[in-house]
Amino acid sequence: MSAPGTLPFACQCGTVTGAVLKAGPSEGDRVVCHCADCRDLVRHLRQEERVLDDLGGTDLYQSRCARVELHTGRDQLASLHMTSGKTLRWYASCCNSPLFNTYANGKVPYVTTILANTDGAQREALLGSPIGHVFPEQATGDASALTPMPFNRLMRRFFWRMIKDLLAGDHRRSALFDPKTLEPVVSPRRLTELEQKALGRA
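If you're matching positions, the sequence shown starts at 1458 in this note's numbering and goes up one per residue.
Here you go:
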């Protein structure tokens, strides 16, 4: 039986499974991101219908790095950079399900879990509704009714969780980064020029 506050997740084919521990509004932030990078990742993986909402948004939960645990399918983890930036995108190579977003290494400890891989009733019960929409100006339709969450405000909320992770040493207890080097457990790649062109980015 799962501990209270545990939010299980699984990739589309069920190979990669795990859980977010102590999930809740006081422990992390549920937001919907409409940025082109999040959307293009989903397009690249051909997961639009399963992940994106009607305005091209991705439902996310940003929490402390050690709160995400992997149960099965670790050998199917893959990671990539959409651009030259530092955001690292994680997905399941078995079925191309997008899973997490993190910093390029564990030195900036956070993990954002893509909620399409969780049960709808469970995530609503544990997390409540999204507290806002990030980058609504990049939505694929009329975003005038959305509640914006300025990126700077979201980062301020994240900052205190990051400090807790660093002080507690939890940044070295992430399932996605080597505890000694803080490098990703899977070597990331960058989208090729051809892949960029296919997304209309080059």
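Here a beta-carbon is modelled for each residue, glycine too, at the ideal position from N, C-alpha and C.
For this session: State buried or exposed for T1575, treating a residue as buried only when at least 16 other CB atoms are found within 10 Å of its CB.
Result: With 16 or more other Cβ atoms within 10 Å, it is buried.
Exercise. Does the distance from the CB of R1521 to the CB of D1635 come in under 8 Å?
Worked result: D1635 sits away from R1521, with the two beta carbons spaced by 8 Å or more.
Exercise. From what residue to what residue does the beta strand (DSSP E) around G1485 run?
Worked result: From DSSP, the beta strand (DSSP E) with G1485 extends over 1485 to 1490.
For this session: Mark G1514 as exposed unless 16 or more other C-beta atoms lie within 10 angstroms of its C-beta, in which case mark it buried.
Result: Of the other Cβ atoms in all chains shown, 16 or more fall within 10 Å of the Cβ of G1514; this residue is therefore buried.
Problem set entry | Spatial distance of R1487 from D1516 (CA atoms) | Roughly 7 Å between the two C-alpha positions.
Exercise. Is it the case that the CB of A1561 approaches a heavy atom of the ligand NAD more closely than 7 Å?
Worked result: As far as ligands go, the structure on display features none, and thus does not contain the ligand NAD.
For this session: With DSSP as the reference, label V1525 as helix, strand or coil.
Result: It is a strand residue.
Exercise. From A1476 to T1570, what distance separates their C-alpha atoms?
Worked result: Going by the C-alpha atoms only, they are around 10 Å apart.
Problem set entry | Minimum length 4: unbroken alpha helix (DSSP H) runs contained in the region 1558 to 1601 | List check, alpha helix (DSSP H) in window: 1577 to 1584.
Problem set entry | Selection from A1600, V1508, L1639 that minimises the alpha carbon distance to H1590 | Nearest C-alpha to H1590: A1600.
Exercise. Would a C-beta distance cut-off of 8 Å place Q1504 and P1555 closer than the cut-off?
Worked result: Going by C-beta atoms, Q1504 is nearer than 8 Å to P1555.
For this session: Pick out whichever of D1497, A1625, T1472 has its Cα sitting closest to the Cα of A1658.
Result: What sits at residue 1658 in the sequence shown is Arg, not Ala. Nearest in C-alpha terms to R1658, of all of D1497, A1625, T1472, is D1497.
Exercise. In whole angstroms, what is the alpha-carbon distance linking P1645 and R1531?
Worked result: Taking the straight line joining both Cα atoms gives about 15 Å.
Exercise. According to DSSP, what are the bridge partners of T1474?
Worked result: Bridge partners of T1474: A1467, T1529.
For this session: Could you check what DSSP says for R1504 in three-state terms: helix, strand or coil?
Result: Correcting the residue identity first, residue 1504 is Gln in this sequence and not Arg. Residue state, collapsed to three classes: coil.
Exercise. Does the distance from the C-beta atom of Y1560 to that of K1543 stay below 8 Å?
Worked result: Between Y1560 and K1543, the C-beta gap is smaller than 8 Å, which places the two residues in contact.
Problem set entry | Length of the line joining the Cα atoms of T1597 and D1511 | The C-alpha of D1511 is placed about 8 Å away from the C-alpha of T1597.
For this session: Compute the Euclidean distance between the alpha carbons of N1562 and L1502, then round it to the nearest angstrom.
Result: Each residue's alpha carbon lies about 22 Å from the other.
For this session: Can you grab the Cα-Cα spacing for the pair P1461 / Q1579, in whole Å?
Result: CA-CA distance, P1461 to Q1579, rounds to 11 Å.
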